[in-house]
Structure formats: structure tokens, C-alpha cells
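Asks: Under my numbering, the residue at position 55 of the sequence shown is numbered 111, and the numbers go up by one with no gaps.
No residue lacks a Cβ here, since even glycine has one placed at the ideal position from N, Cα and C.
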Amino acid sequence: MNYQENLVRIRRELHKIPEMGWGEFKTTAKIIETLDPLGWTLHTGIQQVGLDQVMGRDPVFVEKSIQRARDSGVSEETLDRMQGYTGCIAEFDTGRAGPVTALRFDIDCVGVEETDKEEHLPNKEKFRSCHSGEMHSCGHDGHTSIGLNLAHWIIENKDKLTGRIKLIFQPAEEGVRGGAAQSASGLLDDVQYLLGAHLAMMCPTGEVCVYPTGLLSTTKLDIHLKGAPAHPTMSPHLGRNALACACTTVSELLGMARHGKGLGCINVGLMKAGECRNVIPVHATIQMEVRGESDEINNFMVDQACRIVKGTALAYDVQYEIEKVGEGGELRNDDELASLVAEVAKSVPSCHKVVERKKIGCSEDFTLLASRVRARGGKTEFFVVGANRTAAHHQREFDFDEKGMETAFDIFKGCLLKLNGTE
Ligand SMILES: [Zn+2]
57 MNYQENLVRI RRELHKIPEM GWGEFKTTAK IIETLDPLGW TLHTGIQQVG
107 LDQVMGRDPV FVEKSIQRAR DSGVSEETLD RMQGYTGCIA EFDTGRAGPV
157 TALRFDIDCV GVEETDKEEH LPNKEKFRSC HSGEMHSCGH DGHTSIGLNL
207 AHWIIENKDK LTGRIKLIFQ PAEEGVRGGA AQSASGLLDD VQYLLGAHLA
257 MMCPTGEVCV YPTGLLSTTK LDIHLKGAPA HPTMSPHLGR NALACACTTV
307 SELLGMARHG KGLGCINVGL MKAGECRNVI PVHATIQMEV RGESDEINNF
357 MVDQACRIVK GTALAYDVQY EIEKVGEGGE LRNDDELASL VAEVAKSVPS
407 CHKVVERKKI GCSEDFTLLA SRVRARGGKT EFFVVGANRT AAHHQREFDF
457 DEKGMETAFD IFKGCLLKLN GTE
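#1: Taking 7 angstroms as the cut-off, does the CB of Glu229 come closer than this to any heavy atom belonging to ligand 1?
#2: Spatial neighbours of Tyr376 within its chain, please: C-beta separation below 6 angstroms, excluding the five flanking residues on both sides.
#3: Between Gly195 and ligand 1, is there a pair consisting of the residue's CB and a ligand heavy atom that are separated by less than 7 angstroms?
#4: Name the DSSP bridge partner or partners of Gly477?
#5: Check Leu326 in the structure and name its three-state DSSP category.
#6: Nearest to Thr83 by CA position, among Ser241, Thr134, Glu392, is which residue?
#7: Who are Val306's beta bridge partners in DSSP?
#8: Relative to the alpha-carbon of Ala361, which residue among Gly320, Ala401, Ala394 has its alpha-carbon at the smallest distance?
#9: Taking just the CA atoms, how far does Ala256 sit from Gly442?
#10: Within the present structure, is the beta-carbon of His192 separated from the nearest heavy atom of ligand 1 by less than 7 angstroms?
#11: Starting from Pro115, trace the alpha helix (DSSP H) both ways and give me its first and last residue.
#12: Count the CB pairs spanning the segment 388-399 and the segment 194-212 that are closer than 8 angstroms, and state whether there are at least three.
#13: Take every Cβ of the segment 413-425, pair it with every Cβ of the segment 231-240, and state whether three or more of those distances are shorter than 8 angstroms.
#14: Can you say whether His293 is buried or exposed, counting buried as having 16 or more other CB atoms within 10 angstroms of its CB?
#15: For Ile66, collect the residues of the same chain with a Cβ closer than 6 angstroms to its Cβ; drop the 5 residues on either side in sequence, then sort them by chain order.
#16: Contact check, Val521 vs Phe439 under 8 angstroms by CB: the rounded distance?
#17: List in chain order: all unbroken beta strand (DSSP E) runs of 3+ residues lying wholly within the segment 64-148.
#18: Would you report the Cα separation of Asp215 and Leu473, rounded to the nearest angstrom?
#19: Quick one, which of Gly330, Ala302, Leu63, Ser291 has its alpha-carbon nearest Asp197's?
#20: In angstroms, rounded to a whole number, what distance separates the CA positions of Asn444 and Gly195?
Right under this line is the structure:
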């Protein structure tokens with residue numbers, strides 16, 4: 057197999073069918089259909105998620121996504137295997153004693169409309185998104201392609217490998233929703249080494265960073281407020297104003313104290329309230345997130361947010377519900393594994409520079425898979441592979457350098473040979 061060509065080919069196929077978190081039915085079908093004939097054991101549907109840890113999954117959106125997959129020709133049999141839950145954990149046993157190593161690839165896209173600009177490579181080469189309002193503008197199409205190509209390579213090279221290898225195709229990374237669910241599946245509990253990577257614009261192509269810093273711990277919350285309706289002049293005393301409560305809540309939230317130990321951020325991204333002009337407003341919804349440089353700081357922000365919601369709800373006598381819809385922790389890489397990635401990267405032809413630490417920013421729920429593995433004595437490592445080309449992540453003009461896939465592919469390959477090699 058010519059992996060360089062196949063990395064690009066599969067990436068472009070996936071780029072055409074971007075699907076947002078928990079709606080990746082076409083993508084998961086592609087994963088299942090690729091891995092099944094290769095002899096991988098597949099955990100799909102509710103086998104690969106802890107149902108009580110599924111966050112930010114809208115059943116209406118899921119139904120629509122299933123229908124779209126069906127309309128595009130995904131078979132009922134394949135859809136049945138997914139049981140309404142996207143993602144897949146694949147396992148291969150070499151039959152020889154050795155460690156259990158897992159590699160993680162996220163598969164979802166972002167809710168932006170791809171640019172119409174002619175010079176945009178997916179337009180020029182005719183692989184732009186077929187789904188309006190959805191686009192692979194974070195490079196997860198590249199990640200999935202790397203995972204699928206490694207699946208081929210592992211089978212092709214199984215005689216050189218020992219132990220068991222797991223490929224984790226994670227749904228709903230955007231909004232940090234799917235990591236908690238897959239980590240609660242229990243399927244990572246025997247993993248000794250867990251590796252993950254992100255193709256990134258923040259590093260030039262050819263550069264690899266083995267310990268990205270500035271990845272923030274984060275919690276996403278939806279707040280639902282429920283008051284009581286009443287006529288605004290005849291019986292205002294009977295009303296309970298959810299809109300007024302939401303306004304006070306938002307100003308209190310934005311002004312909350314910060315932690316002295318480091319960076320803590322809050323954003324309220326959406327507030328919706330009220331029904332019509334002449335009724336005391338009954339319903340209000342707030343979508344917000346907090347982030348922190350460490351889990352400690354993030355938890356401090358979450359605690360305050362919850363207290364503020366509770367306090368203002370009490371003040372306005374409205375009912376409240378706080379729903380956690382996403383979560384990512386702080387990144388802690390294992391030094392030994394980070395050195396291994398650095399050593400392997402230096403031997404990869406397309407890698408020109410290895411940097412130890414570099415500030416990347418953003419948040420990742422790989423951290424939740426990692427903390428599950430670490431809690432059971434395993435080692436974890438998340439690295440960044442440079443692939444800069446055009447606009448930054450999550451923008452309409454985003455397009456990564458496809459050469460970065462080869463670098464990441466070769467590093468994963470090299471690490472497998474070191475960790476699970478017969479020699
Ligand atoms: Zn991403």
C-alpha cells in the first residue's frame with residue numbers, strides 16, 4: 057500500500073462528509089467498513105460509551121444525522137451496529153505477549169460553512185464539504201485518515217508486533233463531549249500506553265511538539281431557568297421572571313472572582329429568554345463555559361458558577377437546572393513517552409524540528425481518556441504535528457498541510473515498533 061497517497065485519498069473522502077459531534081454516522085460507517093475486512097475486533101454503539109457520561113448529545117440532531125446517513129447509502133445493518141452512538145474502538149491481538157497500546161483519533165467536524173473561495177484547495181481539487189453548515193475545519197478528517205491507514209499498516213506488519221493494539225475513533229471532540237463517554241466505556245482500562253496527536257496550524261509543517269502547553273481544563277454548562285407566567289400589570293406579583301433572573305445571572309457570572317494561581321476564563325456565549333411582549337417571561341437558557349490553566353482552577357470556576365446560578369435563582373424564586381454538556385481536563389504527558397515520541401520524530405524523514413514545550417492553547421478531551429489510563433497505572437502522551445497552510449482552526453478557510461499526516465503516521469508507526477515491536 058502506498059500510504060502517502062492513501063492518507064490524502066481517505067482524508068479527502070472524509071472531508072466531503074463532515075459530521076458534527078454525535079452525528080458522525082457516515083464517518084463511523086466508513087471506519088467500520090474499512091476495519092471489518094481487515095480483521096479488527098470492533099466495539100461499536102453502546103459498547104464503546106459509558107451511557108451515563110454521554111454529554112451534549114441532542115436526540116433530534118442524532119435522528120436527522122442517521123437519516124442523512126441512510127439516504128446516502130449507509131446500510132441498515134451498519135446503522136444497527138451503531139445503536140445511535142457514533143465512534144468506534146477497534147482492537148487487534150497479535151497473539152504474542154506484549155503491552156496494550158492505544159492510539160486515539162477524533163472524527164467529528166465543526167459547525168461552519170466551508171468557504172467558496174476558488175483558491176481554497178478543497179474547492180480546487182473538488183473535495184469540499186457536501187454538508188452545508190458543516191466543515192472539517194479542525195483537521196479531524198486528517199486524524200481519522202491517519203487512524204485508518206495505521207489500521208492497514210498494523211495488519212500488514214503484524215508479524216513485527218506484539219501485545220494488543222487499540223484504535224480509538226472518538227466522536228464529539230468539539231465541545232469536549234465524547235472523551236468522557238468513551239473513557240467511561242471501560243475499554244481503556246487495560247491500556248498501558250495511550251498516544252494521541254493533533255495536526256496543527258500553530259506549528260509549521262515538519263515541526264513536532266512533544267509537550268504542548270497552555271491546553272486549558274474546561275467545563276461547558278447549559279443553564280435552564282423556569283419561572284412562572286403572569287400578566288405584567290394585573291398580576292405581576294404572581295409572576296416569576298426567568299429573563300430578569302438570567303440577566304442578573306449573566307452579569308454575576310462574568311464578574312466572578314478569578315483564581316490567584318493562574319489563568320481562569322469564563323464565557324457566556326448564548327442567552328435566550330422569554331415568550332412574548334406582555335407576559336412575565338417563564339423560560340431562559342444560558343450557554344456558558346469556564347476554562348482554567350489547571351483542573352483546580354477550572355473546578356474553582358465551576359463551583360462559583362453553580363453557586364451564582366443557585367443564588368440568583370433563589371433571589372428571583374425561579375427553578376434552575378445546570379446541565380454539564382462538555383468537559384476536558386489538564387494535559388499531563390508522561391516524560392518517558394514524550395521522550396520516546398521525540399526520539400522517533402527525529403528519525404522521521406518529514407520531521408525537521410522537534411520542540412519540547414510550546415504554547416498551543418485550546419482544550420482537548422483526550423485528557424479525560426488519558427486520566428482514565430493514568431489512574432490505572434498507564435502512561436499517556438499527546439503531541440502536536442505541524443501542518444500549517446492557510447487560516448487558523450475552526451475558520452471557513454481552514455486547510456491543513458496534508459504532508460503533516462505523513463509525519464504523524466510515521467511517528468505513530470515508529471512508536472508502535474518501539475512499544476510493541478518484536479525486536
Ligand atoms: Zn481539533
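Replies: In brief:
#1: In the sequence shown, the residue the question calls residue 229 occupies position 173. At least one heavy atom of ligand 1 falls within 7 angstroms of the beta-carbon of Glu229.
#2: Within the sequence shown, numbered from 1, the residue matching residue 376 stands at position 320. Excluding positions up to five away in sequence, the list reads Leu281, Val365, Ala369.
#3: Residue mapping note: residue 195 aligns to position 139 of the sequence shown, counting from 1. Yes - ligand 1 has a heavy atom lying nearer than 7 angstroms to the Cβ of Gly195.
#4: Translated into the one-based positions of the sequence shown, residue 477 becomes position 421. The partner list for Gly477 (beta bridge, DSSP) reads Leu217.
#5: The residue you call residue 326 lines up with position 270 of the sequence shown. Three-state result, Leu326: strand.
#6: Position 27 of the sequence shown, counted from the first residue, corresponds to residue 83. The residue with the shortest Cα to Cα distance from Thr83 is Thr134.
#7: Taking the first residue of the sequence shown as position 1, residue 306 is located at position 250. According to DSSP, which records beta bridges pairwise, Val306 is partnered with nothing at all.
#8: Against the sequence shown, residue 361 aligns to sequence position 305. Per the Cα distances, Gly320.
#9: The residue given as residue 442 occupies position 386 in the sequence shown. The residue given as residue 256 occupies position 200 in the sequence shown. If I take the Cα positions, the gap works out to 5 angstroms.
#10: Counted from its first residue, the sequence shown places residue 192 at position 136. The answer is no for His192.
#11: The residue given as residue 115 occupies position 59 in the sequence shown. Here the alpha helix (DSSP H) through Pro115 covers 115-127.
#12: Segments in contact, no.
#13: Contact check between the segment 413-425 and the segment 231-240: three or more CB pairs, one atom from each, fall below 8 angstroms, which counts as touching.
#14: Position 237 of the sequence shown, counted from the first residue, corresponds to residue 293. Per the 10 Å Cβ criterion, exposed.
#15: On the sequence shown, residue 66 is found 10 positions in, with the first residue counted as 1. Closer than 6 angstroms at the Cβ level, and outside the excluded window around Ile66, lie Ser201, Leu204.
#16: The shown model of the chain, from 57 to 479, leaves out residue 521, and the question about it has no answer.
#17: The qualifying runs are 97-99.
#18: The residue given as residue 215 occupies position 159 in the sequence shown. The residue given as residue 473 occupies position 417 in the sequence shown. C-alpha separation (whole angstroms): 11 angstroms.
#19: Here residue 197 refers to the residue found at position 141 when the sequence shown is read from its first residue. Its Cα nearest to that of Asp197, the residue Leu63 stands out among Gly330, Ala302, Leu63, Ser291.
#20: Residue numbering aside, residue 444 sits at position 388 when the sequence shown is read from its first letter. Residue numbering aside, residue 195 sits at position 139 when the sequence shown is read from its first letter. The C-alpha of Asn444 lies about 11 angstroms from the C-alpha of Gly195.
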